[in-house]
Amino acid sequence: MAAPSISVVVPVYNSEGSLRALVERLEPVLRAQASRFELVLVNDGSRDGSWAVVEELAARHDWVRGIDMMRNYGQHNALLCGLRAARHELVATMDDDLQHPPEELPKLLERLDADCDVVYGTPTHEQHGLLRDLASQITKLALQKSMGAETARKVSAFRVLRTRLRDAFTDYRNPHVSLDVLLTWSTTRFAAIAVRHDPRTIGASNYTVGKLLTHAMNMVTGFSTAPLRLASWTGFAFTLLGLGILLYVVITKLVHGSPVEGFTFLASMIAIFSGAQLFALGIFGEYLARVHFRTMDRPTYAVRRELGR
């Protein structure tokens, strides 16, 4: 079987210290696995010297390309930009911090066979703190609800996919991007395989707990109707609660001959029902905000310049 051609897409953010090592380790892997290959480094508004390093690498290696975005748009926006710029039949994505070892890439390529279109490299043990791991699990639960696929619990930024999958979201224009959800618009054939996950030795992670939770919220409200169903079921549950309280008041009146007394009881019921209403209104507001942003037609990203042959 002929070796495939591969585009590797790496979002770059404040990683000037790891890019040279990434290229050095990636080159022998790609030469052994691919007939033709390229590396697309998408600079997502870095505030350090990352773009200068990208320029250096693109000048030194004819298989390295650089895309400089106008500002920081987010990891998934940068991935979408790189995926649209890819020139080869397969695309591999990985982080810029070398926690995804390039030497593990052949495992993903080997698993990408006729019965699947996307393969995730699931870490055997993630090298993060307790809060970060918890936030990551919450994000994956949200992703599972959005994707509707069990594989969502095993997703990672280390993935290999068929480039033609991008055809399903060629015209997608929205500042809120989840590449994994967009891939479900193209296929349902996902797979995952365990890979090594190295500790970060250079710099600090840019994905904080807050950013992960925000990303989870964007996925659920941007690509799923689950919160609306939750609001409906919440309203239904509190309606049943109200009927139960009404039945309790009526029975108390009939049996004891006096109504239920107490300002605390009444105030508690009002607070509960008011809270449920505000909760539902908050969910509706999130969806209304999504509609508002769509009508603004904000771009997913904007490119300042490109490098490479």
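Everything in the sequence shown is counted per my numbering, starting at 1 for the first residue and increasing by one.
We put the beta carbon where it would ideally sit given N, CA and C, even for glycine.
Let me check one thing: in DSSP terms, what residues is Leu90 bridge-paired to?
Under DSSP, the beta-bridge partners assigned to Leu90 are Ile6, Arg162.
Determine the direct distance from the alpha carbon of Thr188 to that of Ser178, and round the result to whole angstroms.
One C-alpha to the other measures close to 16 Å.
By Cβ distance, which residues of its chain are closer than 6 Å to His100, with the 5 residues on each side in sequence left out?
Excluding positions up to five away in sequence, the list reads Met94, Phe158.
Skipping 5 residues on each side, what residues in its chain have a beta carbon closer than 7 Å to that of Trp356?
The structure shown does not extend to residue 356, since the chain spans only 1 to 309, so no value can be given for it.
Which residues does DSSP list as the beta-bridge partners of Ile270?
Here Ile270 is not bridged, per DSSP, to any residue.
Could you check what DSSP says for Asn174 in three-state terms: helix, strand or coil?
In the structure shown, Asn174 falls within a coil segment according to DSSP collapsed to helix, strand and coil.
Below 8 Å on the Cβ atoms is my guess for Ala34 versus Arg111; work out the distance and round it to an integer in Å.
Contact flag wrong, Cβ pair sits at about 16 Å.
Arg321 versus Ile245: straight-line alpha-carbon distance, rounded
For the chain, the structure presents residues 1 to 309; residue 321 sits outside this window and is missing.
Would you kindly report the start and end of the unbroken alpha helix (DSSP H) that includes Ala32?
Annotation for Ala32: the continuous alpha helix (DSSP H) segment containing it runs 19 to 33.
By alpha-carbon positions, which one of Arg47, Val54, Pro4 ends up nearest to Leu307?
The shortest Cα separation from Leu307 among Arg47, Val54, Pro4 belongs to Val54.
When we look at the beta-carbon of His256 and count the other beta-carbons within 10 Å, is it buried (16 or more) or exposed?
Label assigned to His256: exposed.
Are the CB atoms of Arg65 and Leu39 nearer to each other than 8 Å?
Yes, these two residues count as a Cβ contact at 8 Å.
Could you tell me which of Leu108, His76, Asn77 sits nearest to Leu90, measuring between CA atoms?
Per the Cα distances, Leu108.
Residue interval of the alpha helix (DSSP H) (run including Arg111)
In the DSSP assignment, Arg111 falls within the alpha helix (DSSP H) that extends over 105 to 111.
Can you find the residues in the same chain that come closer than 6 Å, C-beta to C-beta, to Pro106, ignoring five residues on each side of it along the sequence?
Taken in chain order, the residues that qualify are Gln33.
In the DSSP assignment, find the alpha helix (DSSP H) that holds His77 and state where it starts and stops.
Here residue 77 is Asn; the residue named in the question, His, does not match the sequence. First-last of the alpha helix (DSSP H) with Asn77: 75 to 85.
Checking 8 Å against the spacing of the C-beta atoms, do Arg31 and Glu104 come in under that value?
Their beta carbons are not under 8 Å apart, which means Arg31 does not touch Glu104 by this criterion.
Looking at the unbroken alpha helix (DSSP H) that takes in Glu38, where does it start and where does it end?
Counting along the chain, Glu38 falls outside any alpha helix (DSSP H), though it belongs to the beta strand (DSSP E) covering 37 to 43.
Please report the straight-line C-alpha distance between Met69 and Leu98, rounded to a whole angstrom.
Approximately 22 Å between the Cα atoms of the pair.
Please report the distance separating the alpha-carbon of Arg36 from that of Ala3.
Roughly 9 Å between the two C-alpha positions.
Which word fits Arg166, buried or exposed, when buried means at least 16 other C-beta atoms lie within 10 angstroms of its C-beta?
In the assembly as shown, Arg166 is a buried residue. Its beta-carbon has 16 or more other beta-carbons within 10 Å.
How many angstroms separate the CA atom of Tyr311 from the CA atom of Leu241?
Outside the displayed range of the chain (1 to 309) lies residue 311, so it cannot be described from this structure.
Beta-carbon separation (whole angstroms), Pro102 vs Arg25, contact threshold 8 Å:
At roughly 5 Å, the Cβ-Cβ gap stays under 8 Å, so Pro102 and Arg25 are in contact.
Please name the residue in Arg305, Thr234, Leu288, Lys253 whose C-alpha comes closest to that of Ala276.
Of the listed residues, the one whose Cα sits closest to Ala276 is Thr234.
For Phe273 and Ala302, the rounded distance between their alpha carbons
Note on geometry: alpha-carbon atoms of Ala302 and Phe273 lie some 45 Å from one another.
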